[in-house]
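Q:
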Amino acid sequence: MDGLYNHIAPFYDLIDLPFELIYYRNMRSRWLSGLRNHRILEIGVGTGKNLKYYHSSNKVTAIDQSRGMLSIASKRLKKLNSGHIELSFQAKLPWPLPRNFTVAVATFVLCTMKDPQPVLQEIWQHLVPGGKLIIFEFGRSKNPSLYTIEKAINPLTKTLFGVDFDRKPTVELLNGRWKILDINWVLGDMIYQAVLERE
Ligand SMILES: C[S@@+](CC[C@H](N)C(=O)[O-])C[C@H]1O[C@@H](n2cnc3c(N)ncnc32)[C@H](O)[C@@H]1O
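Remember, our numbering sits 5 above the position in the sequence shown when you count from 1.
1) Lys-97 to Thr-107, Cα distance in whole Å?
2) Between Pro-134 and the rest of its own chain, which residues show a CB-CB distance below 8 Å, the 5 nearest in sequence each way excluded?
3) How about Leu-75 and Leu-92: do their beta carbons lie closer than 8 Å?
4) Quick check: the stretch 25-43 against the stretch 54-74, are there 3 or more CB pairs under 8 Å?
5) What are the partner residues of Ala-157, as DSSP defines its beta bridges?
6) If you scan the stretch 34-92 from start to end, which runs of the alpha helix (DSSP H) of 4 or more residues do you find wholly inside it?
7) Counting pairs of beta carbons, one from the stretch 80-89 and one from the stretch 103-121, are three or more of them closer than 8 Å?
8) Counting pairs of Cβ atoms below 8 Å between the stretch 189-197 and the stretch 140-148, do you hit three or more?
9) On the premise that Leu-37 lies in contact with Tyr-58, defined as a C-beta separation below 8 Å, what is that separation, rounded to the nearest angstrom?
10) Less than 6 Å between C-beta atoms, sequence neighbours within five positions excluded: which residues of the same chain meet that for Thr-162?
11) Buried or exposed, going by whether 16 or more other CB atoms sit within 10 Å of the CB of Leu-19?
12) So if DSSP puts Tyr-197 in a beta bridge, which residue, or which two residues, is it bridged to?
13) Measuring from the CB of Val-108, is there a heavy atom of ligand 1 at a distance below 7 Å?
14) What do you get for Arg-172, buried or exposed, if any count of 16 or more other CB atoms within 10 angstroms of its CB means buried?
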């Protein structure tokens, strides 16, 4: 999958632009720009679209397993001139990072994974008790008409973005070590934003 992202990195923002303008940028702003004085771990930072929303009172470590995506994020970061954000290449688990983050962010990342459990477990390890995980994700709709659309476009979204609609949403796969604090559905029930709390 990191091979896919290395290849599409130069075009990723362009392919994603309509969704970014109509939906994602509002979601990013609403859920990330209010964070203050946190130690934030962003997983799968991609081309760095979340970076401008992190207030300078936070200390942010943003990781990705694709050097191609990170190189675009790095250019974006230079323009922001933000000393509170650090990018880090992390190709495999476990991540050699501190275990004291207060917030983790994974936007459109867990839905690219066949099985998000190992990464969820790793995030859990790196959060302090009571730490929050903010996720944005696509998932299989319970509405038959929307699910038909998802199935039709799934081969394309998997090829272009690595995003698989035909999977259970991560919030339905959680064990008792996570509590759902907030969940908000967008585009019917095809996209959601959720805040989870680590026990
Ligand atoms: C669909 S893109 C989303 C990028 C960005 N989060 C956004 O909101 O636009 C998924 C990103 O997650 C990264 N990724 C997927 N699995 C990962 C993992 N296990 N560790 C680190 N990065 C990962 C990919 O390399 C890719 O850059």
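A virtual CB, placed ideally from N, CA and C, is assigned to each residue, including glycine.
A: Short version:
1) Start at 1 with the first residue of the sequence shown, and residue 97 comes out as number 92. Start at 1 with the first residue of the sequence shown, and residue 107 comes out as number 102. CA-CA distance, Lys-97 to Thr-107, rounds to 22 Å.
2) On the sequence shown, position 129 is the one that residue 134 refers to. If we look at Pro-134 and ignore the five residues flanking it on each side, its Cβ neighbours are Arg-203 and Glu-204.
3) Position 70 of the sequence shown, counted from the start, is the residue given in the question as residue 75. Position 87 of the sequence shown, counted from the start, is the residue given in the question as residue 92. Taking 8 Å as the Cβ cut-off, Leu-75 and Leu-92 qualify as a contacting pair.
4) Here the stretch 25-43 makes contact with the stretch 54-74; the two share three or more CB pairs at distances below 8 Å.
5) Here the question's residue 157 lines up with position 152 in the sequence shown. Per DSSP, none; premise fails for Ala-157.
6) Within the stretch 34-92, the runs of alpha helix (DSSP H) at least 4 residues long that lie entirely inside it are, in chain order, 72-85.
7) Judged by Cβ distances under 8 Å, the stretch 80-89 makes no contact with the stretch 103-121, as fewer than three pairs qualify.
8) Of all C-beta pairs linking the stretch 189-197 to the stretch 140-148, three or more are shorter than 8 Å, placing the two stretches in contact.
9) Sequence index remark: in the sequence shown, residue 58 carries index 53 (1-based). Sequence index remark: in the sequence shown, residue 37 carries index 32 (1-based). That pair is a contact at about 4 Å.
10) Translated into positions along the sequence shown, residue 162 becomes position 157. Excluding sequence neighbours, Thr-162 sits near Val-168.
11) Position 14 of the sequence shown, counted from the first residue, corresponds to residue 19. That one is exposed.
12) For the purposes of this step, residue 197 is taken as the residue at position 192 of the sequence shown. Per DSSP, Glu-142 and Trp-190.
13) Your numbering for residue 108 matches position 103 in the sequence shown. Val-108 has its CB no nearer than 7 Å to any heavy atom of ligand 1.
14) Along the sequence shown, one-based indexing puts residue 172 at 167. Arg-172 comes out buried.
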